[in-house]
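Chemist: Using this note's numbering, the letters of the sequence shown correspond one by one to residues 9 to 261.
Every residue, glycine too, gets a C-beta built ideally from N, C-alpha and C.
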Amino acid sequence: MQPLDRSTIWPYRDGEPGEFYYQRYAHPTGVEAERALGELEGGEALLFPSGSAAITALVLAELAPGQTIALADGGYYGTSLLFRSLEGWGVRFVEFDQTGAPPAGADLVWLEAPSNPFLTMPDLEAAAAHPGRVVVDSTAATPVYLRPLEHGADYALHSATKYLGGHHDLLLGAVVCRHAEAAARLREFRGRTGIVATPDSAWLLLRSLKTLRSRVERQTATAAELAERLGAHPAIQKVRYPGFGGMLSASIP
Ligand SMILES: *Cc1c(COP(=O)(O)O)cnc(C)c1O
Numbered sequence: 009m010q011p012l013d014r015s016t017i018w019p020y021r022d023g024e025p026g027e028f029y030y031q032r033y034a035h036p037t038g039v040e041a042e043r044a045l046g047e048l049e050g051g052e053a054l055l056f057p058s059g060s061a062a063i064t065a066l067v068l069a070e071l072a073p074g075q076t077i078a079l080a081d082g083g084y085y086g087t088s089l090l091f092r093s094l095e096g097w098g099v100r101f102v103e104f105d106q107t108g109a110p111p112a113g114a115d116l117v118w119l120e121a122p123s124n125p126f127l128t129m130p131d132l133e134a135a136a137a138h139p140g141r142v143v144v145d146s147t148a149a150t151p152v153y154l155r156p157l158e159h160g161a162d163y164a165l166h167s168a169t170k171y172l173g174g175h176h177d178l179l180l181g182a183v184v185c186r187h188a189e190a191a192a193r194l195r196e197f198r199g200r201t202g203i204v205a206t207p208d209s210a211w212l213l214l215r216s217l218k219t220l221r222s223r224v225e226r227q228t229a230t231a232a233e234l235a236e237r238l239g240a241h242p243a244i245q246k247v248r249y250p251g252f253g254g255m256l257s258a259s260i261p
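1. Indicate the three-state DSSP secondary structure (helix, strand or coil) for Leu234 in the structure shown.
2. For the beta strand (DSSP E) that contains Trp97, what are its first and last residues?
3. Given that a residue counts as buried once 16 or more other Cβ atoms are within 10 Å of its Cβ, and exposed if not, what is Tyr85?
4. Using DSSP with H/G/I as helix, E/B as strand and the rest coil, what is Leu7?
5. Does DSSP put Gly46 in a helix, in a strand, or in coil?
6. For Leu181 versus Ala61, is the C-beta distance shorter than 7 Å?
7. For Arg155, which of helix, strand or coil comes out of DSSP?
8. Quick check on His166: buried or exposed, where buried means 16 or more other Cβ atoms within 10 Å of its Cβ?
9. Let me make sure I understand the geometry here. Which of Thr147, Tyr163, Gly199 and Arg32 has the alpha-carbon closest to that of Gly174?
10. Opposite Val204 in the DSSP bridges: which residues?
11. Between which two residues does the beta strand (DSSP E) containing Ala135 stretch?
12. Count the other C-beta atoms from every protein chain shown that fall within 10 angstroms of the C-beta of Arg155, then say buried if there are 16 or more, exposed otherwise.
13. How long is the line joining the alpha carbons of Arg36 and Glu52, rounded to whole angstroms?
14. Based on the DSSP output, what are the partners of Tyr163 in its beta bridges?
15. Find the nearest neighbour of Pro110 within the set Ser123, Phe91, Leu127 and Ala136, judged by alpha-carbon distance.
16. Do Thr107 and Thr128 count as a contact pair if the criterion is CB distance below 7 Å?
17. Let me confirm a value: Leu177 is counted as buried when at least 16 other C-beta atoms fall within 10 Å, else exposed. Which label applies?
18. Please find out if some non-hydrogen atom of ligand 1 comes closer than 6 Å to the beta-carbon of Ser60.
19. Can you name, in chain order, every residue of its own chain whose Cβ lies under 7 Å from the Cβ of Gly98, other than the five neighbours on each side?
20. Spell out the partners DSSP gives Trp118 in its beta bridges.
21. From Arg223 to Pro242, what does the alpha carbon distance come to, in whole angstroms?
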């Protein structure tokens with residue numbers, strides 16, 4: 009493990025700032041964790057203090073008042089609550105069924121893979137064919153099971169509090185960008201607004217990523233076994249399990 013560096017400032021050299029000069033703009037532990045996550049997702053990763061902070065920063069950096077988000081319905085409740093709050097800033101959202109094509113006219117298409125709790129998978133091909141930019145909240149899939157940027161998404165988003173962190177000891181979010189210009193825009197917005205993850209959380213993420221694959225594969229084995237047993241149980245009407253990952257849900261009659 010690389011050492012945790014909690015410095016808030018670094019000295020200028022010959023009157024010029026180096027790669028690191030003030031923690032709000034960048035810090036070595038964060039850059040290292042972003043490099044590791046970026047490699048897993050095949051894009052440029054940026055860390056945020058929570059998944060919700062990542063969503064907020066991405067929406068405020070990418071959209072202007074009057075623009076519209078098409079949000080996958082049946083997804084994480086906190087995302088729709090957050091978009092409702094952002095309506096006060098003129099950002100509108102409509103909900104749609106992510107197993108089909110997104111509605112025309114949306115500026116940003118917001119998918120969830122798989123959606124929590126209904127566990128549908130988005131039609132990534134239909135979303136990629138839409139003229140709007142595409143975000144995939146890939147928290148539950150993790151890069152072990154899905155790399156959204158390879159399917160035409162512009163952004164993969166994570167609540168790293170969940171599977172990426174996986175140890176019940178860090179609150180963290182991430183946006184992984186397909187395009188370098190988009191990453192630069194978001195990085196500048198992040199530095200100005202101060203929606204920045206701490207070195208401590210970044211260090212804990214680095215620790216967690218080393219065991220990501222073995223953790224989620226074990227969780228998949230357990231969830232698949234539970235899905236099978238519940239599916240055979242007479243008191244259960246329907247089991248939803250996308251075939252990978254640690255989440256499943258069941259209905260009773
Ligand atoms: C938890 C979660 C979020 C929000 O992330 P926080 O780290 O709790 O802010 C967003 N999307 C999904 C799918 C989540 O499960």
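Modeler: So, from the listed chains and residues:
1. Helix at Leu234.
2. Where Trp97 is concerned, there is no enclosing beta strand (DSSP E), given that its DSSP letter is neither H nor E.
3. exposed
4. Because residue 7 is not part of the residues shown, which for the chain are 9 to 261, the question remains open.
5. helix
6. Checking the sequence, you will find Gly at residue 181 rather than Leu. Closer than 7 Å, so yes.
7. Looking at Arg155 - three-state DSSP - the assignment turns out to be coil, as it is neither helix nor strand.
8. buried
9. Thr147
10. BP columns for Val204 are empty, so no partner.
11. Per DSSP, Ala135 belongs to no beta strand (DSSP E); it is in the alpha helix (DSSP H), Leu132 to Ala136.
12. Arg155 comes out buried.
13. Note on identity: in this sequence residue 36 is Pro, with Arg being the wrong assignment. About 16 Å.
14. Per DSSP, the beta-bridge partners of Tyr163 are Val143 and Cys185.
15. Ala136
16. yes
17. First, the residue type needs correcting, since residue 177 is Asp and not Leu in the sequence shown. Exposed is the call here.
18. Yes, the Cβ of Ser60 comes within 6 Å of a heavy atom of ligand 1.
19. Pro73 and Gly74
20. Leu79 and Val143
21. 31 Å
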